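Here the structure comes first, spelled out in structure tokens, and everything after it is commentary.
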Amino acid sequence: MTALGRMATGAAALALALGAAACGKDDPGARTTEPPVAGVSAAGLQPSTDVAAPATHPQEFDPHRIYAEEAQGVVTILSIFDEGGGLGALLGDGPSGGQGSGFVISEDGEIATNAHVVTQGEGEDVRAADRVYVQFRDRNEVEAEIVGFDPDADVALLEIDPAGLDLRPLPFAPLSEVTVGEPVAAIGSPYGEPQSLSVGVVSALDRSIESLTGFGITGAIQTDAAINSGNSGGPLLDAEGRVIGINSQIKSSSGSGSGVGFAVSSDTARRSLDELREDGEVEYAYLGLSTVPVFPQLADRFDLGTDTGAWVQTVTPGGPADRAGIVAGDGDEVRFHALPYTPGGDVIVAVDGRPIHDESDVPALLQRYRPGDQVELTVLRDGGERVVTVTLGERPAASAP
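Note that numbering that gives the first Met the number 0 numbers the sequence shown so that position 46 is 45, with each residue one more than the last.
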């Protein structure tokens, strides 16, 4: 969105990644200040070191063809907020608003975008826009209904009346077919300039970016395709014109694109859209703990007994992990490689028998569970291995500080 209203939609799309949340903060979606380089893919749950295998695309990358075929399905979204915040409120001359991007996903009039394009606020204060309008390439403009939004994945589902409109739904591609280095195209409305095309490559996979609730969004795609304020909610497309992600954030100190953009993956987006279509909201399982990644030198320094895993630093009092007996660090804080660590906590090495290679694997694996499900955590404690059964809770509206 452009700056009439708010955060990644506004002046600094340093975009939702506003700052450093605690490493491994809570569940399914621990955000790390330094993204993982090896872990579990949110799609195939395979070690992310496997992503180097080349993908086969039947068509060569042709930005002109992609734009000609798919741009019709990309829209500009205008959100209006009758009260609170925004340029209009500041000047006292009307409601506030913002602008972002989106794309058609069905002939019935469904449109996907980012949650932050059609909401204001964060955590418990997130609220939907009072009115939303969708502008098409052919100059049609219609009002849209917000079917629902998922602040934990930064995904929203809109619906319009398709009567009289020539809709071009964009297909999704599975994340398992996306590889680092493959060319991509982003289409959206940067700074309010509609139907703008930028191209680049997939720079990395399995990134973790911060959501509107402070929890992490795992499995995100990093790209060097130019993404600026206003691109939020638009599609990131592969060589076949398929959506591999929803452009969501940039990492920048100036508020403009700097070659480090992030998209919510197609798998994450589709999961949210399916649940929003069904129930109007999305539920996430919750453990209630924070972890840090284990690496060989850290394991040697603290005698952890494993070179991989997620080392528990804190456990939320009264939360699911606490009730199940997961142990947090309880010793005096020790600095190692300039970072603070609290000795004494469990090291999670498997979730329901699936090995943990990196701390981000825990939230990625938990995405397959729902509140109330039971999960077995294999942990190392006091030199021995044990299995702890946890009944998962429902993720709160905001991550603890």
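For glycine and all other residues, C-beta sits at the position ideal for the given N, C-alpha and C.
Values in this document were obtained by computation on a predicted structure and should not be read as measured data.
Residue interval of the alpha helix (DSSP H) (run including residue i)
i    : result
V326 : No alpha helix (DSSP H) holds V326; DSSP gives it neither H nor E.
I430 : The question about residue 430 has no answer, for the chain in this structure spans 0 to 400.
A363 : 360-365
A298 : 295-301
Three-state class that DSSP yields for residue i in the structure shown
i    : result
Q119 : strand
L236 : strand
G4   : Low confidence applies here, because G4 scores a pLDDT of 31, under 50, leaving its location unreliable and the question unanswered by this model.
R126 : strand
G96  : strand
R322 : helix
G404 : Since the first residue of the chain shown is 0 and the last is 400, residue 404 is not available in this structure.
G147 : strand
A349 : strand
A42  : With a pLDDT of 33 at A42, under the threshold of 50, the modelled position of that residue is not reliable, and the figure given next carries that caveat. Reduced to three states, the DSSP call for A42 is coil.
R30  : Note that R30 has pLDDT 30, beneath the 50 cutoff, so the model's placement of it is unreliable and the number below is only indicative. R30: coil per DSSP, three-state reduction.
G72  : helix
L174 : helix
A111 : strand
E158 : strand
A396 : coil
E59  : coil
P168 : coil
A284 : strand
A19  : Model confidence at A19 stands at a pLDDT of 26, short of 50, so the residue's coordinates are unreliable and nothing is read from them.
A184 : strand
E106 : coil
G101 : strand
P370 : coil
V179 : coil
G199 : strand
Whether residue i touches residue j by CB criterion (8 Å)
i    : j    : result
V179 : A114 : no
A320 : V389 : yes
V73  : G187 : yes
V311 : D345 : yes
G343 : D329 : yes
V348 : G308 : yes
A224 : V198 : yes
L338 : T315 : no
L236 : I65  : yes
S207 : T217 : yes
I79  : V177 : no
E282 : E393 : yes
D360 : A284 : no
T75  : S100 : yes
T118 : A128 : yes
T401 : G120 : Summary: the structure shown does not reach residue 401, with the chain confined to residues 0 through 400, and so no result is reported for it.
L391 : P362 : no
L77  : V131 : yes
S247 : A262 : yes
D302 : V293 : no
E59  : G240 : no
G229 : Y190 : yes
L272 : L157 : no
F148 : R269 : no
F335 : R300 : yes
Anticipated Cβ contact below 8 Å, residue i with residue j, distance rounded
i    : j    : result
G233 : I249 : Between I249 and G233 the Cβ distance is about 13 Å, and since that is not below 8 Å, they are no contact.
V133 : V141 : 6 Å
P150 : S105 : Contact doesn't hold; Cβ gap of about 23 Å is too wide.
S265 : L174 : 6 Å
V378 : R367 : Not confirmed; about 20 Å, so no contact.
T267 : A152 : 5 Å
D165 : D137 : 7 Å
A143 : I159 : 5 Å
L365 : I325 : Incorrect: roughly 14 Å between the Cβ atoms, too far for contact.
Y340 : V333 : 5 Å
Continuous beta strand (DSSP E) stretch holding residue i: start and end
i    : result
D81  : Unbroken run through D81: none, as it is neither H nor E.
L379 : 373-380
F401 : This structure does not reach residue 401, given that the chain is present from 0 up to 400, and the question cannot be answered.
S289 : 288-292
T390 : 383-390
T313 : 309-314
Y340 : 338-340
P333 : The amino acid occupying residue 333 in the given sequence is Val; Pro does not appear at that position. Element bounds for V333: 333-335.
Residue i beta carbon near the ligand ZN (any heavy atom closer than 7 Å)
i    : result
G101 : This structure lacks the ligand ZN, and indeed carries no ligand of any kind.
Going along the chain, which unbroken runs of the alpha helix (DSSP H) with 4 or more residues stay wholly within the segment 202-280? 265-278
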